[in-house]
Amino acid sequence: GTQPKDEAPAAPAAPAASDDGGETTSTPEDSGKDYKIVLLLPGPINDQGWNATAYEGLQMVEKDLGIKMEYIESVQQADFEAVFTDYGSRGYDLVFAHGTQFYDAAVNVGPQFPDTFYMVINSEEGQEPNVGGIGVREWEGGYIAGIIAAMNTDTKKMGAIGSFPFPVIAGTLDAFEAAAQRIDPEIQVTKTYVNSWEDIQKGKETALAMAEAGSDVIFCSANEVGLGSIEASKTKGVKAVGYISPQNEVAPGTVLSSVTYNTPGLFKGTVQQLIDGELKPEGVSLGWADGVLDMQWTDDIGQDVKDAVYEAIEELKAGKIENPYKGE
Amino acid sequence: MKDIFNITFLIALLSASIRLSVPILFAALGGMYSEKSGVVNIGLEGMMLVGAFAGVVGSYFTGSYWIGTIVAVLSGMLIAALFALITVKIKINQIVSGVAINLLAVGITSFFYRALFGITTVPITVNAFSPVSIPILSDIPIIGEILFKQTALVYIAFILVPISHYIFYKTSLGLNIRTVGEHPMAADTVGIPVEKVRTACVLISGALAGLGGSFLSLGQFNMFVDNMVSGRGFIAVAAVIFGKWSPTGVLMASLIFGVADALQIRIQMSGVSIPYQFLLMFPYILTVVAVTGIVGRTTSPKALGTPYEK
Amino acid sequence: MKKFDIFQLLKILIPIAAVFLALLLGSVLLLFIDVNPLEAYRYLIFGNFTNKYNTAEIFVKSTPIILTGLAFTFAFRTGLFNIGGEGQMFAGAMAAVFVGLKTGHLSPFLTISLSLIGAIIAGAIWGLIPGFLKGIFGSSEIIVTIMFNYVALYLISYLVDKPLRESIGFYPQTDLIGKNAFLPYVVPNTRLHIGFVIAVIISIIVYIILWKTPFGYRLRAVGFNPDGAEYSGMSIKKSIIISMAISGALAGVAGFTEINGIHHRLLDNFSKNVGFDGIAAALLGSANPAGVVVSSILLGMLQTGSNSMQRGVGVPANIVSIIQAMIIILVLAGNMLRPKLELYMRRKEKVIE
Amino acid sequence: MNTILRMVSISKYFGTLAANEDVNLEVKKGEIHSLLGENGAGKSTLMNVLYGLYQPDKGEIFFEDKKLNLRSSKDAIDLGIGMIHQHFMLVPVHTVLENIIMGMGKEKGLVIKEEKLKKEISEIAKKYGMEISLDSKVGNLSVGQQQRVEIVKALYRGAKLLIMDEPTAVLTPQETEELFTTLKIMAEDGMSIILITHKLKEVMFVCDRVTVLRDGKVTKTIDTKDTNELELARFMIGRELMPIERKQEYKVGEPILEIESLSHEGEKGEKSLNDISLTVNSGEVLGIAGVDGNGQKELAEVIVGLMKASSGTILLDGKDITENTIEEIVKMGVGYIPEDRHKRGLILDFSVSENLILKDYYKKPYRKTLFFDFNVINKHADDMISKYSIKTPGRHAEAKKLSGGNQQKVVVAREIHKLPKLLIAVQPTRGVDIGATEFIHQEIIKAKEDGAAVLLISTELSEINYLSDRIAVIYKGGIVGEMDKSDFDENRIGLMMAGAN
Ligand SMILES: Nc1ncnc2c1ncn2[C@@H]1O[C@H](COP(=O)(O)OP(=O)(O)OP(=O)(O)O)[C@@H](O)[C@H]1O
Ligand SMILES: Nc1ncnc2c1ncn2[C@@H]1O[C@H](COP(=O)(O)OP(=O)(O)OP(=O)(O)O)[C@@H](O)[C@H]1O
Ligand SMILES: [Mg+2]
Ligand SMILES: [Mg+2]
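Protein chains in written order, with the working numbering: chain P, 1 to 328; chain W, 1001 to 1310; chain L, 2001 to 2353; chain E, 3001 to 3501.
If you want it as structure tokens, here you go:
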């Protein structure tokens, strides 16, 4: 089963000028390509979403940098500390932990193994000496999805499905709504949660119910559940916005376009920093401005939509838009 | 909320209920065969998962979703054969065997998916069922919309109910199954091969659970994703008990569960202020209430759960 | 004398052979994905013993399994199938967190005791309701406990989403419980907390209750033959309710050890499947407390071992669950076949003599 | 007469226990052959081997001069061997029809043709005088009726050889007589019958030859006309049976149990007890005679509190106990030997020693503070085992491992040992061999002489006659007559039991 996790990838860490030699962990001198790097995934690797894109990152690192990364999947929350401890004591250079929920454990274990760097994806914090975080402003993706959706609705009703009310998910749905209402304040967005990452039938039925109640664009942030919502949109002849993975091909004609995550690039960037000795124990937060998010367009999309999207992206890059989610 | 409870809403609700109840109905009917013969089958979940996976594999390699469905049935039977071997022949506790089968099914479906298709970010899609409108019947107002514009597998599920009823209560085969489940020793003394009957019933349960799984992957979708059964097999186990081990009872139980689930989704959308988690609980609580209020003292097959030893 | 030894030896040899066979089957899959089975199994078996920390993890893992295993055992011995260990553990966890959050400032002994009591009560209630429905209305405890697993799951989801959400209001999880409510570690620099000791003590208590007291005698009598128990003047309803409450309480303690010992806060889906592992442990251990402890440790070892196998040679998680399932099946099959083998050997011996 | 069955040198082991060892049995065509032996002698085992349920470890079976290799009872049935088991092999929730035809799919087709089957079955039933309603649920039938279902089931399958394992243990004299008439008709038709019973009188009356088993071995095969009851008993138990003399006069004490217009309604509202009034005094045995299923079980269970009376009062020692729970009634000193030891009397999975404290488990001295005192419990068990000569591998053996007769002794020992004020004994010697019967009878008399009031409920008139000081007859839930022992007349009572006045 899939574990609780936060949803979203990020991209090549900002180049960020390295300060003094402080606490960097890997030693550039002996970069004889013999790095020991591992990727910890909270769920199964073929979840068609969060974990699967991480795996793509692993493959990219291997292809582009020639460094073989290991991975382990479905790591249970109860085992986080044990796993960190194990890799620390075995002298790994870099441990990727693919989800914020790893952060506490990383902070607890980190200090015992100063030679290992723990990089927690989706964490916006880091801690001396060796825990870093790369947060992804996932809501920025939701925002763009909201614009695409809003410009394709006739009924002025749309549906947004989330897995769990985690901040990233809730923020994404909220941003989706905010963007849509910016386009047209009359638009109503129905938001629901399914408490699952994998119950594809529930995703489908939820989207069907939304369509039956008048929504004509569906958006979903919940891994496999999203495939269910796309299937429902196809059945009902309404539209969907693809998310995370390039999903245009899942249902051509139904998926308007996909907002995708460049997770692979994010891994590559971090490994590059390791090689360059530039890893820093701090948290960064990445979004459109950092190339973490991307668009997969279909031919059905008109130029007006593209223009509106690019305009919004520019605003996001400029930091002119705030995350509508403020926590509970 | 205002315009929600009208006739279109009702139609939509009931068709959703049917879709949601069909996988449960398939598996629960299967579970009923197994339980009627005295074998508790907690492994339905795993058997469904195997069916869901095998259906996609079959359709992928042959291009035919019907062949896919047959492959699903056969694969369900294959894993059921293992279950029968360990529970009926070797007589390992049926509950723990079921738990092990579920664990195994999660593992092998995921393993073989990766072995065949690699690790994908977008799932492999295959040919799958599309809804078939039954001529004339589908034109009946309301009912036609709800009942007769479904995929072929839905019709099969519902036809299986009267067929099972006939088998259980009108044929000697059914009598033998019931005898084995009530009093295996008595069955033995009249020459009914207890272990063979149980094995056959477990195989049937695997076949039907496999069908239920393929309904998910081929009837509702055209793809397999890990763990896509998501607990429906456990609900089916409950539906067997809830339905008092009778085909019509199982049908009712599955439908009630389907309605509850469909309703839950719609209430959540209507924007009521009940936390959504409580709505998600609703079908489960309803089952408890129904089991307590309606079913009452259950009369399970007497020998249920006990391996037969001379 | 010689006879005795052989049969004692069989008790150990057969499970070992069963595990060996399971590994042999697993190695086919491993070869298929180009992993050297010998190396993988070196990690599986010895991976845990390379350092103190990993070895301690075995017991960390087995702690909640022992408790949910005892929960199943207790109900099983009194004629009930409690499939709800998972939900009862969740209930215990909810209470433990609540108490830990509210009383974390008290002295460690006090706050830990209160958490434990809270978990016991909550688990007991979560078991008592199905017991009550069974006793009064005859509702199948199997169904109700399965349903209650889901209800508990969603209840946690609600608690961490709304009322108990961490004070900064960000993640759907509770705040950390007070430091004083953390279970003390028994081996330094490991995560082995006192919960393991508690679990072992509880298993002894369960044994004593069931087999050494009139109270347990009565519950068992109702379990084996309700008609006979009724005839001798015992109330069946009361017994069922009491048994389920105790069974639930035992699983509730697992929630306590997981929260106060490991997670220190409540989150969605924590320690998933421990309830089902407990069922396996109970039946692998022939539903007696000593057996439960031993088989829980074995399952714990299997889990940590397979983690270490995953880490060591990159065996995917799905093969791990296949191997685990095979081990459970084959060890139980071995147990079932042992008496037949013994009989066969005994008879042979008799003929020879 | 030619031989239909020869079992040669049959051995069958359970674990290391030899249930049958080198047993030879020969049955001729058209004969009624009795198989005799104490509880646990190996009779049922031998028959189960013959019926294909057990595979023998050694030996050969010849049926109609063909050597058999039976793999299951299906094989035996196909050859024309029928068996009526000691414990009925009927499914309570099935109808009579379903019970009769179950397993016959091969012969009768996949689809059940109800009307046709009913006609065929009714014909056979009529021929042997065993009409039964085919639509009733077997669970609602009396034991006697169930017996008929079993017989028709075997006949319908076309048995040439019919094995009957203790068929008369639960029948009334009339039913037994009817059964024997039927058996004789069958034998005349050329059918062979193997009859297992513990009642020597029946053996002498109906059987042509007898084979006696002891400890799994044959001790004798003999024509009934060449032997007598006493000799048969000696073959069985290896010693003389010495019936004890019964003192005819007795001293009646205070009334202990007083029942006033007691009624009870069953689940469907039918009256199972109808306005019963009875008194049992200290120091006497009141025997209740009656055909099984006429309210005996309800009478006993209402008194002890297992069922609730719908009207009337029950006084124990002058105190009204009508509304009391069974727990309270047990505590007031009521001993109860239930009709069905497997269902009520024992926890079969508990050890002998545990079963012996079933009603006193929470009392001192078995308990010290919160815990059991196993020294006391074990000593108690050993005492009981030796005093009541219970044959068991040991006090720790599970009750289910004991033979039926020894299981009964455990119940009797437990209920009598406590010196109850009131002892309710229902069918106290059902299925028990003559040695053990004799012993149980002695114990009941001893209890009475020690001052207990005994309510004896039995379908066996000889037992009623032997033990009772006064006798009442129950019919359709009401008492149809009461008499002193001196007025005992088997015929008259038999008629009253059948409802005649
Ligand atoms: N399935 C079995 N497993 C182990 N032991 C058995 C089994 N069946 C019978 N026995 C033992 O074999 C012996 C013979 O039993 P059997 O039932 O044949 O006796 P029986 O002569 O029919 O006695 P009864 O008069 O009480 O019916 C007994 O000691 C009994 O305990
Ligand atoms: N699992 C077992 N192990 C050992 N002995 C057994 C077992 N099951 C049954 N027995 C014994 O096998 C014999 C045959 O069983 P059966 O049920 O026919 O009882 P029985 O002795 O004939 O009793 P009853 O007189 O109550 O009718 C009995 O003596 C019983 O105690
Ligand atoms: Mg017998
Ligand atoms: Mg007997």
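All residues carry an ideal CB built from backbone N, CA and C; glycine is no exception.
What do you get for residue i, buried or exposed, if any count of 16 or more other CB atoms within 10 angstroms of its CB means buried?
{"i": "G22(P)", "result": "Residue confidence for G22(P) is low, a pLDDT of 37 falling below 50, so the modelled location carries little weight; the figure read from the coordinates is stated next. G22(P) is exposed by the Cβ-count criterion."}
{"i": "K326(P)", "result": "exposed"}
{"i": "S3486(E)", "result": "exposed"}
{"i": "H3087(E)", "result": "exposed"}
{"i": "S26(P)", "result": "Here S26(P) scores only 41 on pLDDT, less than 50, and its place in the model should not be relied on; the value that follows carries that caveat. Buried, by the Cβ-count rule."}
{"i": "N51(P)", "result": "buried"}
{"i": "T3168(E)", "result": "buried"}
{"i": "E3188(E)", "result": "exposed"}
{"i": "H98(P)", "result": "buried"}
{"i": "A1236(W)", "result": "buried"}
{"i": "S2203(L)", "result": "buried"}
{"i": "K3251(E)", "result": "exposed"}
{"i": "G2984(E)", "result": "Lying outside 3001 to 3501, the shown extent of chain E, residue 2984(E) is not represented and no answer is given."}
{"i": "G3238(E)", "result": "exposed"}
Residue i versus chain E: which residues are under 8 Å apart at the beta carbon?
{"i": "N2307(L)", "result": "Neighbours of N2307(L) on chain E: none; closest Cβ ~40 Å, over 8 Å."}
Which residues of chain P have a Cβ atom closer than 9 Å to the Cβ of residue i, listed in chain order?
{"i": "Y2053(L)", "result": "A82, T85, D86 and S89"}
In this structure, what does DSSP give as the bridge partners for residue i?
{"i": "G217(P)", "result": "Checking the sequence shown, residue 217(P) turns out to be Val, not Gly. In DSSP, V217(P) forms a bridge with K239(P)."}
{"i": "V3111(E)", "result": "T1171(W)"}
{"i": "T190(P)", "result": "G159(P)"}
{"i": "W297(P)", "result": "S257(P)"}
{"i": "R3006(E)", "result": "E3026(E) and F3062(E)"}
{"i": "P3264(E)", "result": "Sequence check: residue 3264(E) is His here, not Pro. For H3264(E), which the question treats as bridged, DSSP gives the partners L3273(E)."}
{"i": "E3021(E)", "result": "In DSSP, E3021(E) forms no bridge with anything."}
{"i": "F3371(E)", "result": "K3368(E)"}
{"i": "H2193(L)", "result": "Y2185(L)"}
{"i": "H3033(E)", "result": "I3194(E) and R3209(E)"}
Interface residues of chain L around residue i at Cβ under 8 Å?
{"i": "T3313(E)", "result": "Correct list: empty, because the minimum Cβ distance to chain L is about 21 Å."}
{"i": "D3373(E)", "result": "The premise fails here: D3373(E) is roughly 10 Å from chain L at the closest Cβ pair, so nothing lies under 8 Å."}
Which residues in chain W sit within 8 Å of residue i, going by Cβ to Cβ distance?
{"i": "Y2158(L)", "result": "P1275, Q1277 and F1278"}
{"i": "M210(P)", "result": "M1269"}
Kindly list, in the order they appear in chain L, the residues whose Cβ is closer than 9 Å to that of residue i.
{"i": "V3143(E)", "result": "Residues of chain L passing the Cβ test: none, with the nearest at roughly 17 Å."}
{"i": "N195(P)", "result": "L2153, Y2154, S2157 and D2268"}
Residues of chain P with CB closer than 7 Å to the CB of residue i, please, in chain order.
{"i": "A2317(L)", "result": "P44, E73 and S74"}
{"i": "Q2310(L)", "result": "I72"}
In chain E, which residues lie less than 7 Å from residue i when you measure between Cβ atoms?
{"i": "P2078(L)", "result": "A small fix is needed here, since residue 2078(L) is Thr in this sequence, not Pro. Result: empty, since nearest Cβ-Cβ is about 12 Å, beyond 7 Å."}
Problem - Entirely enclosed alpha helix (DSSP H) segments - the stretch 2078-2164 of chain L, minimum 4 residues - result: 2085-2103, 2108-2137 and 2141-2161
Handout entry: Length at least 4, wholly inside the stretch 96-160 of chain P: the alpha helix (DSSP H) runs in chain order
Key = 103-109 and 138-150
Exercise for the section: Please go through the stretch 2018-2060 of chain L and give each complete alpha helix (DSSP H) segment of 4 or more residues, from N-terminal end onward. Expected result: 2037-2046
Exercise for the section: Output the residue ranges of the beta strand (DSSP E) runs that lie fully inside the stretch 1082-1140 of chain W and measure 3 residues or longer, sorted by chain position. Expected result: none
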